[in-house]
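Quick mapping for you: the protein sequence lines, in order, are chains A and B. If you use the working numbering, the first sequence closes out at 1146, no skipped numbers anywhere. If you use the working numbering, the second sequence closes out at 466, no skipped numbers anywhere. For each residue, glycine too, the CB sits at the ideal point set by N, CA and C. Accompanying notes for the structure given below.
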Amino acid sequence: MNNGTENNGIRRRDFFKALAAGGATAAVAAGCADRTENLIPYVMPPDNIEFVPGVPLEYATTCAECPAACGMVVKTREGRAIKAEGNPDHPLSQGALCIRGQSSLQSLYNPARISAAMVREGQDFKAVDWETAEKTAAERLRKAGKGRQVVLWTTNRSGTRNKFLDQWVGALGGTKITLEPLGQHNLRAANQAVFGRNELPLYRLDQSDLLVNFGADLLETFGNTVRNNRDFAAMHAIDEKRMTKGKMFHVAPHVSMTGANADEWVNIAPGSEAVVALALAARVSAKTGRGGEVRGFLAGYTLEKASQASGASVEALTALADEIARAKAPLAVAGGNLTATAQGTQTHIAVNVLNAVSGAVGKTYLLGAGQEIDNSDSFKAQMDLVARMKAGQVKALIVDGANPLYHLPKSAGVAEALAKVETIISVSSSWDETTRQAHVVLPSLSAYESWGDANPQKGVWSLMQPVMAPVYKVKASENTLISLAKRLGAGAFPADYKTYLQNAWKGIAGGSAEAWKNALQKGGVFSQTGGSGASLRAAGVRGNFAAPALTGDGLVLLPANNMRVRDGSKAQNPWLQEIPDPVSQVVWTAWADINPETGKKLGLRHGQKIRITSPHGMVVTAAFFHYGIHEDAIAIPMGYGHHGSGSKSADDHGVNVLDLLPASFDASSGEFAYVATRVKVEGMDEDAYFVQLDGNPRQEGRGLIQTMTLEQVKKKEPPHHGHHAMRERPDDFYRYRPRPAGYYQPYRWGMVVDVDRCTGCSACVAACYAENNIPVVGRERMWLGREMSWIRIERFLEGRGDSYKTLMQPAMCQQCGNAGCEPVCPIYATYHTPEGLNAQVYNRCVGTRYCSNNCVYKQRRYNWFQFEFEAPLHLQLNPDVSVRSRGVMEKCTFCSQRIMRARHAANEKGRDVMDGEITPACVQTCPTNALVFGNLADPTSRVAKISLWSDKEDEEKQKKMVRQYRMLEELKVLPAVTYLRKVTHKEIEEG
Amino acid sequence: MSAITYADVNKDILQTMVRPKPAYFLVLSGAALMLLIGVLSLAIQIDTGMGLVGVTHPIGWGFYITNFVFWIGIGHAGTLISAVLFLTRAPWRNPIYRASEAMTVFAVMTAGLFPLIHVGRNWYAYFLLPYPNQRMLWTNFKSPLEWDVFAVTTYLSISVTFFIIGLIPDFAAMRDSSVGIRRQIFTLMAAGWTNSYQHWLHYMRGYLILAALSTPLVFSVHSIVSFDFAMSFMPGWHTTIFPPYFVAGAIFSGMAMVLTIIIPLRSIFGLEKYVTHHVLQSSARLILFTSFIVGYAYTTEVFIAWYSGVSFERSLFYFRLFGEFADRTPYSEGHQLGAPTLAFWVMYFCNVISPLPLWRFKIRNNLMALFIISILINIGMWFERYNIIVSSLQRDFDPFTWGTYWPTVIETGVTVGSFGFFFTMFFLFVRAMPSMAIAELKEGLPAPRKNKQAH
């Protein structure tokens, strides 16, 4: 199995040291991450800390799933981390986390983690004791000698660690290369060219009223997505006081979740972003009078020319330009893979010009704010390293989390290059393709078991501390490196990395022990960061802005960003495979988005297996008919197609889109060119095996997700959905008898979902998995429809062709007051609690599934098998929630364990629960605050004020409400969840 | 029947129990094999989990509940024939009522297995019984499933009682004609029957009372079974026509099953003298009549779905009849047939079209034609239940959750096993007990007289 509980007896002193290392008593104990602590169950009271069994301890740390470094609070129970939540004190995450952050503990409990030091024996690895492995590694390094032939290949992180690694490599005379598949070198280079500032900008989405997005996946992986989602909602959701609502245009050849949130999609040909941006800038400049210094240059870019190059209509572009000129605080954003072409820097220059002439710079586009989320070396630098390796100039390679064998395209020849290196030492924490090639593996602790920090933005210093005793007896990579350096007699390092970190933090938090303790408690040291504008340098705006040359012929291949598995490194987290992509609703695999028109021309059908061939490689995947893609393009999400990485959840799921790409890059920034080739698409004779969770792409006018225009909100004229007669005379159809007044006292739990704020980011889904011990069922069972998620992002399409709209909303059990499930259960296994929940008693359930059949929302989940949690993932199980056995029904109960905890706490104080004391996991993590939970029976609560629910279906109250609706209201099941209609600028046509 | 004597009756009927032909063992082993398949499938399912069965989200019920309703339906003809036709004094019931009563008992037993089979934790199925317990747990009498528990158990106990009471005079006849251990068993079961006037008097009273008790059950049991659906929210289920529709369907399928069983039985055991064409014709007329009720129900359902204007109902019935009504662009365009469409038209053909030839005397009088039609009706009635249960769950309110259902080997195996169970029981019955009511057959014969003995 897993940890080292099998020997050494119980070293509880050490265990509690590690436990005490964070939180309230951080200063008392000097916990050391490396010493192998044993995970022991709680058996005796501790001697030095306040520790009550059953009461969670929370430690502030930092999320390490992506370089954005959100602050995180990890909840531990009896010494085990069970749930990650956003740190409310942290300026970036402000209490929320994204889908990946919610899944971060799966990196800690990753079944593919390496549990012991290994040395290579032929094709296999042999576990050896740490001392032997370290000695072997040191000897091999000594043999390699000091100098440039020693290379450390690491991943993109910010903070003290980079300085440490530099110092370490420096001591060995070697070089450090940082790999980041989602680098932002183009943007940096463009800022250098246009504004003379070699840095990343800070976007103030929240300050803008018009967002023009050139394909950046702002709400998925681009930058800090938690912050982006929050700021986007601040800008784009309706402000009901001022009756305003920001607008978003998506100007790109592909619509992913971010694009699906846009009000309008301007469908442009891949690579034409620069021309479009410049033409828009020309018109905006003419209208606003800004950008005189480039007006001469812009004269060459007319909207007609842009229309020709992009395929978008002149009218659409004109309208967009006029909107930008009119807007008070417009913001144009480019980024992500769609603009990462061989001309990527030029695209960013063009968008920068647009931002400059629209007045965004200094207002919504800030420089000097010190965005540090990309500290990577460019793709060109990686290729130089590969060339050096191929030439035999690299004798020793230390792999520190980097996985170049997967993240660099096959055509880069990493495999051959690695074969030429005499010594590969991996200090990664889990198995991956590159670590499989190592000679010595000195596995690292995960980020949540070790010390560290992050500095994603100037003024934001976020601390990482071990939140629990290590799962495996291994060492933090930094300590391994220190130990190796000591063996080699190189450099001067303190005893361990924690000391190094503390020394560094003397300059950040202040030198006192008190300051360190405070930083640990709070999660770091945070100060406000400002930013300023910069003037446009006309000299920098030059070069070729035409579409980049592509290899091959056929459709343009767009390697789309992937919200869930990011660059592929998160494919080892099963939740991120199991939770569907909100737009395609596909799970566990890659697919190819094709415009239905293109598909028809090529004689393909949705779901058909297709062979995609570029001059550089071939993959076989599924054709997915998607309106949101240019007719001349095909998009495959990145991050799939792992092989031989040693992780069950990553291996052999889908294809790696990088296999199709040449190793080409932007000449001025060195950034990898994702959009670089055209591909041929051939249909094969069979259907692809891919699982899509939407039963039907359209809602058939049933009003499950409702919209209304801003005008209608202003006039307070809600639209009517559903069957007219059923709304007018509901009693004729489905009779009901409301419960007597005062039935629900003092509590009636309910929720309000603001569809206008929901972006589809799916963080709530991951939070639900984590909180409620929901099993992962895998692709085969999902194929049969047996997903277990208690909350889902429902997605429906409206309209056809380029003007189609995607609607998304979270749907969980609606806790009906007149539920379908309750009366049909023959044995009260599901029943109505006095607090209004449709409770489910697992021990009573025999599994007739009648409740599920009769649930109009189909929100119940059945345990078809005895689902298992692969070790050591089972260590994460929340002890407050029972793990369900097979044959029983399960469902959402608004995190009843949290309700109970809060109720007990309130009762002890002799009062009722107050508004805001309970937050279900989904509500807690929502970055856009789309979910509101509370007590409907308390008319003063936040939720009661905006909910349609009232004790006696108060029609007067209901009539006053404008955006409120309930799903399938005409069935009169009296759901406790009220939805607020999505507000649009233009009316969305149904059907 | 004037040529037949009491002694003939005893001899002819009892010979079915003593001299089975090899063919009998062949059929019996066939049925037993089917039963074995079912038992194995079920064992695997219970060992591993419901996941081996094709039911999924959102189709929580599939083959198992289809089988349950199907077998309950089959179980209706027996009581109808023995009780209702007894009360209405329809003499053609006498030759077939014993077999159909046995059929009822076995069909209800088979049906009763399915609620136990289809639950996720079969070992806790007893939770459904309202037994007193210290945890103060009680059952939910609002749930139609709970009503089922009572409906089915009541029906089973009444039909078993009725069946055994009806057998008492025949047990006596068997006692008189057997020796050894068989004699001892039959002595016990004959309950001291001496064929006395007093016995007959009480016996006929009791029988009448039981018949009167069973008659409402014929109508109530299947009504209650139909409440499983009618009481729910689901489009296609939530409809008031279900109780009469289900009862008519039950009688329809039950009569068809009676013919399916009686026709071969009659030939194998040479009982043409007793099961006359008149008997078969009368059954065929009843089938024809109930077929019209069922056909009317089908039409009404569709009409009301359209007439109500409720979009959920409309799109569901379109889906049942013609396939996909929903807009699935961009995934697929145009019209697509679905498996439920096939099920609907199979049902419609078998239950509404195929009985039509029974209007003609010649067809009613043709054993082979009757047999084929009865088989078709059995198939059609199974598909009727499948159609109701599965297609409603496939296309309910929230289109995001729509799904499809494909049965697996396991549930197909258990379904085959249920037929195996039923036929094994039935074949054992014809071997162990008189498959026709000796005493009541004699009712139709002239009483033997001392001065005019036939033999």
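Would you please state the rounded distance, in angstroms, between the beta carbons of residue i and residue j? I believe it to be under 8 Å.
i              : j              : result
E312 (chain B) : T250 (chain B) : 7 Å
T380 (chain A) : C253 (chain A) : 5 Å
I553 (chain A) : I580 (chain A) : 5 Å
Whose Cβ in chain B lies nearer than 8 Å to the Cβ of residue i?
i              : result
H987 (chain A) : Per Cβ cutoff of 8 Å: no residues; H987 (chain A) is ~11 Å from chain B at best.
H761 (chain A) : P341, Y342, S343
Put residue i into one of helix, strand or coil per three-state DSSP.
i               : result
N158 (chain A)  : Note that N158 (chain A) scores 42 on pLDDT, short of 50, meaning its location in the model is unreliable; the coordinates nonetheless yield the value given after this. Looking at N158 (chain A) - three-state DSSP - the assignment turns out to be coil, as it is neither helix nor strand.
D284 (chain A)  : coil
P275 (chain B)  : helix
L656 (chain A)  : helix
R1066 (chain A) : coil
E324 (chain B)  : helix
H405 (chain A)  : strand
H987 (chain A)  : strand
Y1005 (chain A) : helix
With 7 Å set as the bound, which would you pick, yes or no: does the beta-carbon of residue i sit closer than that to a beta-carbon of chain B?
i               : result
A850 (chain A)  : Before going on, a small fix: residue 850 (chain A) reads as Gly here, not Ala. Cβ-Cβ to chain B under 7 Å: yes for G850 (chain A).
P1130 (chain A) : no
A182 (chain A)  : Summary for A182 (chain A): the model assigns pLDDT 37, below 50, so the residue's position carries little reliability; its value from the coordinates is reported in the next sentence. No, A182 (chain A) lies away from the interface with chain B (no Cβ there is under 7 Å from its Cβ).
E949 (chain A)  : yes
R1039 (chain A) : no
K628 (chain A)  : no
G1042 (chain A) : yes
F1020 (chain A) : yes
K960 (chain A)  : no
L859 (chain A)  : yes
R941 (chain A)  : yes
Given that a residue counts as buried once 16 or more other Cβ atoms are within 10 Å of its Cβ, and exposed if not, what is residue i?
i               : result
S403 (chain B)  : buried
G302 (chain A)  : exposed
N1018 (chain A) : buried
S302 (chain B)  : buried
Y318 (chain B)  : exposed
S363 (chain A)  : buried
A1026 (chain A) : exposed
T310 (chain B)  : exposed
L156 (chain B)  : buried
G455 (chain A)  : exposed
Any beta carbon of chain A sitting closer than 7 Å to that of residue i?
i              : result
Y142 (chain B) : no
R132 (chain B) : yes
S254 (chain B) : Here the sequence assigns Pro to residue 254 (chain B), which means Ser is not the residue at that position. So no, P254 (chain B) is outside the interface.
Y135 (chain B) : yes
L332 (chain B) : no
G60 (chain B)  : yes
E157 (chain B) : yes
Anything in chain A within Cβ reach of residue i, meaning under 7 Å, just list it in chain order.
i              : result
T340 (chain B) : R955
G345 (chain B) : Those do not exist, as G345 (chain B) stays about 11 Å from chain A at its closest Cβ, beyond 7 Å.
W72 (chain B)  : R1004, N1008
S326 (chain B) : E855
W413 (chain B) : G850, N851
Can you name the residues of chain C whose CB is closer than 9 Å to the CB of residue i?
i              : result
R999 (chain A) : No chain C appears in this structure, whose protein chains are A and B.
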